[in-house]
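Enquirer:
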Amino acid sequence: MTLRHLRIFVEVCRTGSITKAAESLHLSQPAVSLAIRQLEDYYGILLFDRISKKLYLTESGNKMLSYASHIIESFDDMETQLKNWDSAGTLRIGSSISTGTQMLPQLVRRFNLRFPQIRTQVLIDNSRIIEDKVLTNQLDLALVESLSYSPDIICVPFYTDRLIVITAPKHPLTQNPECTVKALADYPVLLREPGSGTREVVDALLVTAEVQITPLWESTSTRSIINAVKENIGISILPYELVKNEIQSGAIAGLPLASPLPNRTCSIIHHRNKYLTPSAQAFIEVCQEYSNLSTE
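Per numbering that gives the first Met the number 0, residue 0 is the first one in the sequence shown, and the count goes up by one each step.
Below, the structure written as structure tokens:
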């Protein structure tokens with residue numbers, strides 16, 4: 000099998016059509032169909048289910064797509080590296096929303112000062128979506144708070160932050176010197192959306208404490224939650240680093256719990272088969288330096 004076969008296969012997956020892939024690659028439809036058939040015959044697998052004239056990736060096809068995407072990316076990286084040794088190009092960085100709000104701007108600024116010739120392209124979304132894009136090679140690496148259970152993801156912890164309960168300054172809970180997780184269920188709760196790293200940690204905490212909470216608000220915006228807490232719409236649980244300025248200014252209150260809240264671990268993730276360019280490795284080093292400075 001050749002790189003040409005893999006490029007044709009990936010393009011068929013991207014477009015969802017033999018016809019559209021042929022048009023995009025400036026090939027004939029029979030040539031595209033033949034390449035797909037040759038791949039299937041060579042590996043003895045079915046890459047697509049063909050139902051009502053539509054193509055649907057099989058489980059084997061999904062696995063092939065993961066490998067093919069990274070093989071093509073590695074080859075293209077090799078071409079760039081050997082010709083230019085990463086002297087210019089684009090580094091595609093993903094980030095969960097909390098990490099993207101809290102520390103990513105500082106990290107990118109530090110990286111850009113050292114490597115002004117490298118363009119940093121950033122995508123900020125919830126952890127689950129970011130991980131999916133790392134798996135499909137749409138991102139070179141990413142910063143997330145959630146743990147990955149995919150065997151194809153390398154996860155390197157680099158920063159730890161604690162979670163804290165926040166309320167309006169005169170909320171009834173502020174009169175209790177030490178409240179419990181169960182006491183939180185008596186009030187409206189505002190949480191990050193399912194799929195975010197912070198939400199996963201909070202959900203695990205509630206399960207451990209055997210507390211059931213139906214959030215009044217669920218939001219992808221940490222800032223909207225903080226502002227709603229200021230207006231006494233509800234209480235929330237968020238990373239301390241994101242709310243410490245508001246706590247110090249008195250705009251909101253941070254509450255201690257009888258059982259301390261768990262820490263939130265931020266990690267650098269990348270695909271197991273991903274070739275890390277010198278610029279990607281340099282960005283990881285910048286992240287690790289940030290962690291060292293934050294803990295000094």
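Ideal Cβ positions, reconstructed from N, Cα and C, are used throughout, including at glycine.
Quick one: what's got a C-beta closer than 8 Å to LYS229's C-beta in the same chain, skipping five residues either side?
Expert: Reading the sequence shown from its first residue, position 230 is the one you call residue 229. For LYS229, where only same-chain residues beyond five positions count, the Cβ hits under 8 Å are ALA167, GLU245, ALA250 and ILE251.
Enquirer: Using the rule of at least 16 other Cβ atoms within 10 Å of the residue's Cβ for burial, across every protein chain shown, is HIS25 buried or exposed?
Expert: Here residue 25 refers to the residue found at position 26 of the sequence shown. Classification for HIS25: exposed.
Enquirer: So THR98 packs on CYS265, CB below 8 Å; how close in whole Å?
Expert: Position 99 of the sequence shown, counted from the start, is the residue given in the question as residue 98. Position 266 of the sequence shown, counted from the start, is the residue given in the question as residue 265. Between CYS265 and THR98 the Cβ distance is about 6 Å, and since that is below 8 Å, they are a contact.
Enquirer: One question on the structure: do VAL242 and ILE165 come within less than 8 Å of each other, judged by their Cβ atoms?
Expert: As a position in the sequence shown, residue 242 is number 243, starting the count at 1. As a position in the sequence shown, residue 165 is number 166, starting the count at 1. Yes, Cβ-Cβ distance for VAL242 and ILE165 is below 8 Å.
Enquirer: Under 8 Å by Cβ, that's how I've got ILE92 and THR119 pegged, so tell me the actual separation to the nearest angstrom.
Expert: In the sequence shown, counting from the first residue as 1, residue 92 sits at position 93. In the sequence shown, counting from the first residue as 1, residue 119 sits at position 120. 6 Å between Cβ atoms; contact.
Enquirer: Looking at the unbroken alpha helix (DSSP H) that takes in GLN37, where does it start and where does it end?
Expert: The residue labelled residue 37 in the question sits at position 38 within the sequence shown. Note, GLN37: alpha helix (DSSP H), 28-42.
Enquirer: Taking just the CA atoms, how far does LEU112 sit from ARG3?
Expert: As a working mapping, residue 3 is identified with position 4 in the sequence shown. As a working mapping, residue 112 is identified with position 113 in the sequence shown. If you take the alpha carbons of ARG3 and LEU112, they lie about 38 Å apart.
Enquirer: Can you name the residues that DSSP bridges to GLY253?
Expert: Taking the sequence shown and counting its residues from 1, the one referred to as residue 253 is at position 254. According to DSSP, which records beta bridges pairwise, GLY253 is partnered with ILE165.
Enquirer: Which residue from TYR239, GLU240, SER220 and TRP216 puts its Cα closest to that of ASN231?
Expert: For the purposes of this step, residue 231 is taken as residue 232 along the sequence shown, with counting starting at 1. Nearest C-alpha to ASN231: TRP216.
Enquirer: Going by Cα to Cα distance, which pick from GLY43, THR213 and LEU254 is closest to LYS169?
Expert: Position 170 of the sequence shown holds residue 169. Considering only alpha carbons, the answer is LEU254.
Enquirer: Are LEU205 and SER235 closer than 8 Å when you measure CB to CB?
Expert: Translated into the one-based positions of the sequence shown, residue 205 becomes position 206. Translated into the one-based positions of the sequence shown, residue 235 becomes position 236. Against a cut-off of 8 Å, the Cβ pair of SER235 and LEU205 comes out as no contact.
Enquirer: Spell out the partners DSSP gives ASN262 in its beta bridges.
Expert: Within the sequence shown, the letter at position 263 stands for residue 262. Paired residue(s): ARG161.
Enquirer: Hey, quick one: how far does the beta strand (DSSP E) through ASP124 stretch, first residue to last?
Expert: The sequence position of residue 124 within the sequence shown is 125, counting from 1. Per DSSP, ASP124 belongs to no beta strand (DSSP E) and is neither H nor E.
Enquirer: According to DSSP, is GLY60 helix, strand or coil?
Expert: To locate residue 60, count along the sequence shown from 1; it is residue 61. Reduced to three states, the DSSP call for GLY60 is helix.
Enquirer: Distance check for ASP75 and VAL188, CA to CA, integer angstroms please.
Expert: If you number the sequence shown from 1, residue 188 lands on position 189. If you number the sequence shown from 1, residue 75 lands on position 76. Whole-angstrom Cα-Cα distance: 48 Å.
Enquirer: Assuming ARG263 and GLY196 form a contact by the criterion Cβ under 8 Å, report the distance between their Cβ atoms to the nearest whole angstrom.
Expert: Start at 1 with the first residue of the sequence shown, and residue 263 comes out as number 264. Start at 1 with the first residue of the sequence shown, and residue 196 comes out as number 197. So it is a contact: roughly 7 Å between Cβ atoms.
Enquirer: Among the candidates LEU275, SER59 and ALA20, whose CA atom is the shortest distance from the CA of ILE153?
Expert: Within the sequence shown, residue 153 is the residue found at index 154, counting from 1. It is LEU275.
Enquirer: Are CYS12 and PHE157 close, meaning C-beta to C-beta below 8 Å?
Expert: To locate residue 12, count along the sequence shown from 1; it is residue 13. To locate residue 157, count along the sequence shown from 1; it is residue 158. It is not a contact, given that the beta carbons lie outside the stated cut-off.
Enquirer: Considering only residues of the same chain and omitting the five flanking positions on each side of LEU46, which have a CB-CB separation below 8 Å?
Expert: As a first step, residue 46 must be located in the sequence shown, where it is residue number 47. If we look at LEU46 and ignore the five residues flanking it on each side, its Cβ neighbours are PHE8, ILE35, LEU38, GLU39, LEU56, THR57, SER59, GLY60 and MET63.
Enquirer: Do you know offhand how far GLU240's Cα is from LEU106's?
Expert: Taking the first residue of the sequence shown as 1, we reach residue 240 at position 241. Taking the first residue of the sequence shown as 1, we reach residue 106 at position 107. Roughly 15 Å separates the two Cα atoms.
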